[in-house]
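Here the structure comes first, spelled out in structure tokens, and everything after it is commentary.
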Amino acid sequence: MDPVLQIKDLKVEVDTGTAVHSVLDGVTLTLRRGQTLAVVGESGCGKSMTALSAMGLLPDRFRIAAGQILLGEEDLVQVRPQRLRALRGNAMSMIFQEPMTSLNPVLTVERQIAEVVELHQDKTGAQAREIALEMLRAVQIPSPETRLAAYPHELSGGMRQRVMIAIALACRPRVIIADEPTTALDVTVQAQIFRLLRELQMQTDTAIMLITHDMGAVAEMADEVAVLYAGKCIEAGPAAQLLAAPAHPYTSGLMACTPKLRLGRAALTAPARGLGEIPGMVPPLGQFPPACRFAPRCARATEKCHATPPETVRLGPDHETLCWHPNEAREAAPAC
Amino acid sequence: MRKLAPRLISAIGLLLAVLVLNFLLIHAAPGDPVQVIVGDMGGASPQLIAQMKAQYGLDKPLPVQLGLYLWQVLHGNFGYSVYFNMPVLDLILQRLPATIVLVLSSLILAVVIGTLLGIFSARRPRGILSHLVTLVSLFGFSAPVFWTGIMLTILFASVIPIFPVSGMFSVRDTGGFFAQTLDLLRHLVLPSVTLASIYIATYSRLARAAMLDVLGADYIRTARAKGLSERRVVFGHALRNGLIPIVTMVGLQFGQLLAGAVLVETVFNWPGLGRLAFDSILRRDYSTLLAILFFSAILVMVANALTDLAYRWIDPRIGGGRTRKATKTPAAPGSKSPGPAKG
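Chains as they are written, first to last, in the working numbering: chain A, 1 to 336; chain B, 1001 to 1343.
Okay, here's the thing in structure tokens:
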């Protein structure tokens, strides 16, 4: 499948005023048409920064130091701000984590959706309104005609996230970046939102970059997975393969942290295994270990891991990891 | 509009309280109006003074005087100004427009300039312009209004005489409506700028803080993610949210603005209520002073009512809003969300 968005060796830095710290250190990702790439990792690993870099929305003091972000043939790192604005919300759009605060409280739903269409597609008021209505229908909001005039505070969290999705989809973008779109929502609503994204993706062939720390969401949504840790992509590959046989100890650690329901017979026969956790925390910016960044928290770490930065190990045609001691086959998950 | 009746009742109560309180305060103050009148006449015998006291009802006990006054006010009679030699109500209505013109123009000047300065400095909070605005604000805030007024008078009376420094209209007749308006505007510049100066400072600080807050909000990031230009992000998405604290301030400060008008009108000889208040205090013209305070209270109340309306227009979350309410449950503290609609 042809790649829509390619991030190549992206390096992002933050200038804190006293020092310059590396935030992303050579992240490489590929997003293909009609597919979902899940970008996973704990908080502070650089997932959101990767997304914001692609959108050109890095906060103050953050800057792209090196690398390429190719949307089709265009390198978004090099294009002029006007061009980036023309692409943003149009060829690629973003769904944010907090539906409660991501919509403007003083503008109606109609205005917030119609605005993008008017801006990017030269539609007049009436046409834009029609598209806004169409989008509300597409994201399955009940009685969309009356919802057009509603303000965000009159909608529930799930509804607001649907409106966000409607805004993101209004111009039929090639790429949608969803930054933890369901974290703030109820579990039942999470499943609905994921199903909706799946359906819309199948209709429009949009590529989705799903940023999450929820391995359950990965299993449900993703075609491909990239695992980030401390600003580096430490494992990437097809979702099925990676979830079945995680190679990097961090990936298996993340998976062990996901609770599994064991019902019926399984609950009686299988021995109960406690919910795992990864000891320690993501190192703060500027304090990344020199060699393998995960080594201080890793059960498999040896002298070598602390001394020499790991090299990429190829485990399958698309499955790669950055580790000195990858799980080659279905080894037992490390204690964590 | 359902709440109109209780609001009206509380407004009437408030006005009554203003009248009673000011009446008592003025009577507690030293000085006797009859003394002032006979003083102007060049002294008088005790009989004449007693006769005049009886004529004006000043010999009656205080509660009776108060009752009589309230009864008269209820009938629209605010008394007769001895000094200005005309009914107080006519005097007030004659002076009111000048004050409204001055106060409104200052308010508009202060809010518009203050907000714009605030926006620009919030856009680059560490930039040179931002520091400059802070500095100028501090200066404007610290300088007393009458001092600013006198400095501007000196500057424009002698150094660069382009604006008139006194009065509201030129003495000679300037002709048609257009010419008169122009003449008024020319006279308005200095008093208006003087009165606005202190509030420009307030509003620029306030707008800066409000806009800094709003520009960091998630929905501003959403607006940028839509590909909107910075101008549309700031003026289309951020400003209306940033206006909420500013409108609050307008409502709160309107009374202070009227108080400032007393000084400015006196310095620039502006024929408004403020100048009239100053004169009537000097002349112990109590009925005029009471009426001025009464009408100032009405102005403040009207300003507050307008502020409330502006709120509803700016922020749909306040009051009934303009759309049918979709929420059934009251909003939980901290989140303004719960609605009947399922995700």
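Here a beta-carbon is modelled for each residue, glycine too, at the ideal position from N, C-alpha and C.
Can you name the residues of chain C whose CB is closer than 7 Å to the CB of residue i?
i, result
"Ile1314(B)", "The structure shown contains no chain C; its protein chains are A and B."
Near residue i, what residues of its chain come up, given a Cβ to Cβ distance below 6 Å and the 5 sequence neighbours on each side ignored?
i, result
"Ala1044(B)", "Val1038"
"Leu1008(B)", "none"
"Val1111(B)", "Tyr1203"
"Pro1063(B)", "none"
"Phe294(A)", "Tyr229, Tyr250"
"Gly1260(B)", "Val1145, Leu1195"
"Lys304(A)", "Trp324"
"His120(A)", "Asn90, Cys171"
"Leu315(A)", "Ala247"
"Gly1079(B)", "Val1088, Ser1287"
"Trp1313(B)", "none"
"Ala226(A)", "Leu29, Val39, Cys233, Ala236"
"Ala1345(B)", "Examination of residue 1345(B) is not possible in this model, given that chain B is present from 1001 through 1343 alone."
Taking 7 Å as the limit between beta carbons, can you name the residues of its chain near residue i, skipping five residues before and five after?
i, result
"Ser1192(B)", "Leu1102, Ser1105, Ser1106, Leu1109"
"Phe1156(B)", "Ile1162, Phe1163, Val1165, Leu1190"
"Ala1303(B)", "Gly1251, Phe1254"
"Tyr1069(B)", "Phe1023"
"Lys1336(B)", "Any reading at Lys1336(B) must be qualified, since the residue scores a pLDDT of 38, below 50, and its modelled position is unreliable; the value itself is stated next. Correct list, in chain order: Arg1317."
"Pro289(A)", "Pro283, Ala295, Pro296"
Rounding to the nearest angstrom, what Cα-Cα distance links residue i and residue j in this structure?
i, j, result
"Ile1150(B)", "Leu1195(B)", "12 Å"
"Val117(A)", "Arg32(A)", "25 Å"
"Ala170(A)", "Arg198(A)", "16 Å"
"Leu1019(B)", "Val1082(B)", "20 Å"
"Ser43(A)", "Gln112(A)", "29 Å"
"Glu74(A)", "Thr1307(B)", "50 Å"
"Pro238(A)", "His319(A)", "7 Å"
"Thr16(A)", "Arg61(A)", "7 Å"
"Met92(A)", "Leu1152(B)", "56 Å"
"Arg1221(B)", "His21(A)", "24 Å"
"Cys233(A)", "Tyr1199(B)", "54 Å"
"Ile167(A)", "Val139(A)", "10 Å"
"Phe1169(B)", "Ile1160(B)", "20 Å"
"Ile208(A)", "Arg1231(B)", "30 Å"
"His213(A)", "Asp122(A)", "38 Å"
"Arg1322(B)", "Val109(A)", "Only weak support is given to the placement of Arg1322(B): the predicted model assigns it a pLDDT of 46, under 50, and the value that follows is read from those uncertain coordinates. Cα to Cα, the separation comes out at about 14 Å."
"Arg63(A)", "Ser1010(B)", "57 Å"
"Met202(A)", "Val12(A)", "33 Å"
"Ala7(A)", "Gly67(A)", "Residue identity differs from the one stated: residue 7(A) is Ile in this sequence, not Ala. The straight-line gap from Cα to Cα measures roughly 8 Å."
"Ile176(A)", "Glu224(A)", "15 Å"
"Val1036(B)", "Leu1182(B)", "40 Å"
"Gly125(A)", "Ile131(A)", "10 Å"
"Glu277(A)", "Thr1248(B)", "50 Å"
"Gln127(A)", "Arg174(A)", "22 Å"
Among residues of its own chain, excluding the 5 on either side of residue i, which ones have a beta-carbon nearer than 8 Å to its beta-carbon?
i, result
"Val1189(B)", "Phe1163"
"Glu102(A)", "Sequence inspection shows Ser at residue 102(A); the Glu mentioned does not correspond to that position. Phe96, Arg160, Met164, listed in sequence order."
"Leu1228(B)", "Gly1236, His1237"
"His153(A)", "Pro105"
"Ala329(A)", "For Ala329(A), the predicted structure reports a pLDDT of 46, less than 50, and the residue's modelled location is therefore unreliable. A value from the coordinates is still provided. Ala245, listed in sequence order."
"Pro1271(B)", "Arg1095, Ala1098, Gly1167, Met1168, Glu1265"
"Arg137(A)", "Pro144"
To the nearest whole angstrom, what separates the beta carbons of residue i and residue j, a pair I think is in contact under 8 Å?
i, j, result
"Leu228(A)", "Val27(A)", "7 Å"
"Ala1223(B)", "Pro1245(B)", "With a Cβ gap of about 20 Å, Ala1223(B) and Pro1245(B) do not count as contacting."
"Ala19(A)", "Gly286(A)", "6 Å"
"Leu87(A)", "Leu5(A)", "Not confirmed; about 11 Å, so no contact."
"Ala291(A)", "Pro309(A)", "5 Å"
Checklist entry - Residue ranges of each beta strand (DSSP E) run of no fewer than 3 residues wholly in the segment 122-210 of chain A, ordered along the chain? => result You should have 175-179.
Item to check | Chain-ordered residues of the segment 1206-1219 of chain B with a beta carbon less than 8 Å from chain A | outcome: For the segment 1206-1219 of chain B, which is checked against every Cβ of chain A, the residues closer than 8 Å are Ala1217, Asp1218, Tyr1219.
Next on the checklist: Against chain A, which members of the segment 1227-1248 of chain B pass a CB distance test of less than 7 Å?
Outcome noted: Against chain A - using a Cβ distance shorter than 7 Å - the residues of the segment 1227-1248 of chain B are Gly1227, Leu1228, Ser1229, His1237, Arg1240, Asn1241.
Item to check | Members of the segment 110-130 of chain A near chain B, C-beta cut-off 9 Å | outcome: Of all residues in the segment 110-130 of chain A, Gln112, Glu115, Val116, Leu119, His120 have a Cβ within less than 9 Å of some Cβ in chain B.
Checklist entry - Which residues, in order along the segment 168-187 of chain A, keep a beta-carbon less than 8 Å from a beta-carbon of chain B? => result Taking 8 Å as the upper bound on Cβ-Cβ separation, chain B lies near residues Leu185, Asp186 of the segment 168-187 of chain A.
Next on the checklist: I'd like the ranges of any alpha helix (DSSP H) spanning at least 4 consecutive residues and lying wholly in the segment 1109-1195 of chain B.
Outcome noted: You should have 1128-1142, 1145-1154.
Item to check | Completely contained alpha helix (DSSP H) runs for the segment 85-114 of chain A, where each covers 4 or more residues | outcome: Runs of the alpha helix (DSSP H) inside the segment 85-114 of chain A: 99-102.
Item to check | Runs of alpha helix (DSSP H) lying entirely within the segment 1207-1267 of chain B, each at least 4 residues, in chain order | outcome: Counting only runs of at least 4 residues, the segment 1207-1267 of chain B fully encloses the following alpha helix (DSSP H) elements, listed from N- to C-terminal order: 1218-1225.
Checklist entry - Which ranges would you report for the beta strand (DSSP E) in the segment 19-95 of chain A if only whole runs of at least 3 residues count? => result Listed in chain order, they are 20-32, 36-40, 62-71, 92-95.
Checklist entry - Fully enclosed by the segment 1042-1104 of chain B, which beta strand (DSSP E) runs are 3 residues long or longer? => result Listed in chain order, there is nothing to give.
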